[in-house]
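Data block below; observations after.
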Amino acid sequence: VNTHVSCKYKNLDTSTKNPASHAFSVLRYIVWLVAERRPLLFIGVPSFVLIILGIFFAIITLQYYNQTHVFPIPYAILVSIFLIIGALGMFMGLVLNVLPNMLKRARLEDF
Numbered sequence: 386v387n388t389h390v391s392c393k394y395k396n397l398d399t400s401t402k403n404p405a406s407h408a409f410s411v412l413r414y415i416v417w418l419v420a421e422r423r424p425l426l427f428i429g430v431p432s433f434v435l436i437i438l439g440i441f442f443a444i445i446t447l448q449y450y451n452q453t454h455v456f457p458i459p460y461a462i463l464v465s466i467f468l469i470i471g472a473l474g475m476f477m478g479l480v481l482n483v484l485p486n487m488l489k490r491a492r493l494e495d496f
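The numbers in the numbering used here rise by one with no breaks, and the one at position 80 of the sequence shown is 465.
Here is the structure:
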């Protein structure tokens, strides 16, 4: 059974914001939240997970090599990718976490 649904907001004919400007403001808020407000949570934790995955695949790669004496290239590539991206992400999260405090301290010393 199909029913007609309508919605009318009080004293508004259309949306108050352009969809493009609304999308840009949402994207700006997400970048602010990730980069300035909680960089260790949004960048550091996933990077730590990638490092753990890299270590896990490194152990699997070494065990496979010790058993068969054949080096598994796909696992080695995964290890490299996970460890490199994880290390860069951890470094970036730490820098983004420390940078605002350093800037505040530098501004206070200037005055």
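Even glycine gets a Cβ: it sits at the ideal position worked out from N, Cα and C.
I need the DSSP call for residue i, collapsed to helix, strand or coil.
{"i": "SER371", "result": "Only positions 386 to 496 of the chain appear in the structure, and residue 371 is not among them; the question remains open."}
{"i": "PHE456", "result": "coil"}
{"i": "ARG490", "result": "helix"}
{"i": "ARG423", "result": "coil"}
{"i": "VAL386", "result": "coil"}
Hey, would you say the C-beta of residue i is under 8 Å away from at least one heavy atom of the ligand ATP?
{"i": "GLY478", "result": "Ligands displayed in this structure: none; no statement on the ligand ATP is therefore possible."}
For residue i, which residues from the same chain have a beta carbon less than 8 Å from its beta carbon, with the 5 sequence-adjacent residues on both sides left out?
{"i": "VAL419", "result": "PHE427 and ILE428"}
{"i": "LEU488", "result": "none"}
Thinking C-alpha only, which one of the options is nearest residue i?
{"i": "VAL475", "options": "TYR449, PRO485 and ILE437", "result": "It should be noted that the sequence gives Met, not Val, for residue 475. Here the closest residue by C-alpha is ILE437."}
{"i": "ALA443", "options": "PRO485, ILE458 and ASP495", "result": "ILE458"}
{"i": "PHE467", "options": "LYS395, VAL434 and HIS389", "result": "VAL434"}
{"i": "ILE470", "options": "GLU421, TYR449, VAL430 and ARG490", "result": "VAL430"}
Sorted by chain position, which residues of the same chain lie with C-beta nearer than 6 Å to residue i's C-beta, five sequence neighbours on each side aside?
{"i": "VAL386", "result": "none"}
Q) Taking contact to mean at least 3 C-beta pairs separated by less than 8 Å, is the region 481-488 in contact with the region 422-429? A) The way I'd put it, the region 481-488 does touch the region 422-429; three or more beta-carbon pairs between them come closer than 8 Å.
Q | Contact the region 454-466 vs the region 404-420: 3+ CB pairs below 8 Å | A | Put simply, the region 454-466 does not touch the region 404-420. Fewer than three CB pairs are less than 8 Å apart.
**Q.** Any 3 or more C-beta pairs closer than 8 Å across the region 405-421 and the region 460-476
**A.** Of all C-beta pairs linking the region 405-421 to the region 460-476, fewer than three are shorter than 8 Å, placing the two stretches out of contact.
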